[in-house]
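Protein chains in written order, with this note's numbering: chain A, 3 to 426; chain B, 3 to 426. The next block holds one structure in the form of structure tokens; read it before the comments.
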């Protein structure tokens, strides 16, 4: 980690910059993939699957029998772990249901909002060396609570043309309707435009590599909604003199192992803790299977010493981290001062891993400072709020003068006339 | 209007297509404007203002004296109209505040969401022949209710270098902090990147022409949030035999006068009403100051006769209109069947103009079928929801097996270790 001591406010700016990687080349490739899938549908999906996943697919959809048999391939421990996490995630997201009330804005005018589930949603689950089954839970559970009619899932097949049974099982018990063996930009394109096998959806959720992220951004311009532009993951830990250095180091590494483009930031007002955390980091690193990744990430990362915890919180607000751990005594008071963060973990036992898997909160969160304007995925992400209004003659009479004058001021005579003609 | 009689379901598809206009040429121009403003800041904003608005600006910001004097330039009737509308819009949006509760997902684990206002937002108000002061109300009122710290507004100056006093007055009484004379893509770029005069913001709201819309989409890819990709406006009216043909025609024209690229659709199950509406349309068109625009819009528009009101609602759901008027007897029952719409107006006195100006609902709504995935602007548009969690040792112990097993399944050993080390 880069050690920064008592940076001035002017020096903060350079510490806010996230590691960046060139993407111009990828943009061209993604554009081509989108066009190909739009024109050639399933054939293009299969061609790109062969190119990028090195496997020849006969059908893209996972059949019912394979889905049914998935459970038998998992050990009981994993099944229980999934069920426990599912239970907590369900509870927290189900509690996010809101009752929307009818409001009489003035006599005879009733206005209200109604949460209507998004009819068709697509979930993207990345492939790679390990099955990201926790992301299946994080996306499918709120989708089904909201009542989305069609919840489909795309994930790239492994070299044998299969999706990991843990993903199939998690998708099954969460009520995902259809599962497709498709990854990368081709999966995003298929869910955006629809193919013979893969239906088009109205909103696409889920993380992915740069191909996936850029594809999601491109189709969002074409009118398909996306959850958010997800980038590399981030964690900021604020800790004070009473924090356990081992806990802090473990948290930093739990983020650092995500990818070489991740970033972790540790801020404290205590020099002894800083030294102890650095020592603990080196010690814990030795045993990590993903230590090469974590080490690379730490090169992009900072350990910062500041004058006070107040200043640490100010820094955090300026940085706007995806995950924020407040491993400090007065986390209650300081948490009130948080203005920009994706998900906040309070106290020494609230580790990021808890929120990543099983406490109940969602782990699909805004990165790269995007939490300044947006929250993470929640139940509302699967609804749209539609406005309704019902106006009586008396209600219209009361606001008619205002409408007529305003429409007139905007030179919109027909707008005015729609009122005038009703009250003649 | 194009009259379509009893279309088959197969024929529906072509009726769903919105009028489209080429935009490739504009994209290049917008890209250049964004780059120029990013590099040259205020100088670029002034240069583009000279190019597109034909006016030389000394300063971009509207000074306090000009803002103060705006009220004196308005007649009392307009001031009262603005106040009445403001009152209803305030009431409806203020009622959208929600109390978010803390949830114990399992013993010792508390999770909750907190609505935190977006610190800095930018409102774009188009220029043109008339001041769109109603849009100022629709955006500034919820921004201030949410508690956004900095609410800035950009609107293009007229030939004399001024913004219409009605816009200044509306912005003032709604609490807009700073107003800038900047329009088009250069205004969006300035609010996204910041210049010496115009501060950068985290989210940009407001309608505009194709330059503005494309600029908003482009900066959204760079991580600045936008309210929605607003396109040409739409209205769909469903009416039955008891509907007043004059009311229906007036509603259709109130939408048609917006722009030649707008679209209006009228659906009924009653041939007599269809004929009467067409007659009323022709009659009412004669007196319209904007009849050339409205006529052009009607060329892109449809009057459709179907077998039943049920079928009309099915069609509306397939079309997914921005505005939907149900001028039918059993609007209560049929409104329950609405799945895709931006804003719904129930009964014969609920005209779209009411929602455009003064009933209290927001008029910033999703167009071009975007209501399939997204609602219009509401109070939540000015907040982000941040998740918090607080876990005790006992709480962590209860979910530790789940976290450890899941992290292990995902090959994320450091995630597992952050839990294990705490419970050792």
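Even glycine gets a Cβ: it sits at the ideal position worked out from N, Cα and C.
- Contact annotation: residue 389/B and residue 324/B have beta-carbon atoms that are not nearer than 8 Å.
- At a cut-off of 8 Å between beta-carbon atoms, residue 120/A makes contact with chain B.
- Inter-residue distance for residue 178/B and residue 155/B is about 7 Å (C-alpha atoms, whole angstroms).
- Secondary structure note for residue 298/A: its alpha helix (DSSP H) is the uninterrupted segment 293-301.
- According to DSSP, residue 106/B shares a beta bridge with 112/B.
- Between residue 63/B and residue 199/B, the beta carbon gap of about 6 Å places them in contact (Cβ cut-off 8 Å).
- Distance from the Cα of residue 167/A is smallest, within the candidate group 307/A, 69/A and 186/A, for 69/A.
- Counting the other Cβ atoms within 10 Å of the Cβ of residue 32/A gives 16 or more, which makes it buried.
- If you check the CB distance, residue 93/B and residue 107/A come in under 8 Å.
- The alpha carbon of residue 96/B has as its nearest neighbour, out of 398/B, 399/B, 380/B and 409/B, the alpha carbon of 380/B.
- As DSSP reads the structure, residue 124/A sits in a beta bridge with 154/A and 206/A.
- The beta carbon of residue 274/B sits closer than 8 Å to the beta carbons of 243 from its chain, once the five residues preceding and following it are set aside; these are given in chain order.
- Put simply, the segment 307-319 of chain A does not touch the segment 278-292 of chain A. Fewer than three CB pairs are less than 8 Å apart.
- Among the CB atoms of chain B, one or more fall inside 8 Å of the CB of residue 419/A.
- Within the segment 244-309 of chain A, the complete alpha helix (DSSP H) segments of 4 residues or longer fall at 247-258, 273-287 and 293-301, listed in chain order.
- Beta-carbon to beta-carbon, residue 176/B and residue 88/B are separated by about 7 Å, close enough to satisfy the 8 Å threshold.
- Residue 196/B has its alpha-carbon roughly 44 Å from the corresponding atom of residue 398/B.
- According to the DSSP assignment, residue 389/B belongs to the beta strand (DSSP E) that extends over 385-393.
- Secondary structure at residue 192/A: helix, using DSSP grouped into helix, strand and coil.
- Residue pairing from DSSP places residue 180/B in a beta bridge opposite 154/B.
- In its chain, beyond the 5 residues on either side, 35, 39, 47 and 50 have a beta carbon closer than 6 Å to the beta carbon of residue 188/A.
- The segment 409-422 of chain B makes contact with the segment 133-141 of chain A: 3 or more CB pairs, one atom from each, lie closer than 8 Å.
- Residue 156/B is outside the set of residues whose beta carbon lies under 8 Å from a beta carbon in chain A.
- Boundaries for residue 82/A: no beta strand (DSSP E) harbours it, while the alpha helix (DSSP H) harbouring it runs 78-96, taken from the DSSP string.
- Within the same chain, and ignoring the five residues on either side of residue 250/A in sequence, the residues whose Cβ sits closer than 7 Å to its Cβ are 239, 241, 268, 279 and 329.
- Residue 136/B: member of the alpha helix (DSSP H) spanning 135-148, first to last residue.
- In this structure residue 90/A touches residue 361/A by the C-beta definition: roughly 6 Å separates them, less than 8 Å.
- Of all residues in the segment 189-223 of chain B, those with a C-beta nearer than 8 Å to a C-beta of chain A are 204, 205, 219, 222 and 223, reading in chain order.
- At a beta-carbon threshold of 9 Å, none of the residues of chain A lie near residue 8/B; the nearest stands roughly 26 Å away.
- For the segment 160-171 of chain A, the beta-carbon criterion of a distance under 8 Å to any beta-carbon of chain B is satisfied by 168.
- By the CB criterion at 8 Å, residue 400/B and residue 109/B fall inside the cutoff.
- The beta carbon of residue 111/B falls within 8 Å of a beta carbon belonging to chain A, placing the residue at that interface.
- Non-local beta-carbon contacts of residue 263/A in its own chain, meaning distances under 6 Å to residues more than five positions away in sequence, involve 21 and 234 in chain order.
- The three-state reading of DSSP puts residue 347/B in strand, counting E and B together.
- In the DSSP assignment, no residue is bridged to residue 356/B.
- About 19 Å separates the beta carbon of residue 183/A from that of residue 123/A, a gap too long to meet the 8 Å contact definition.
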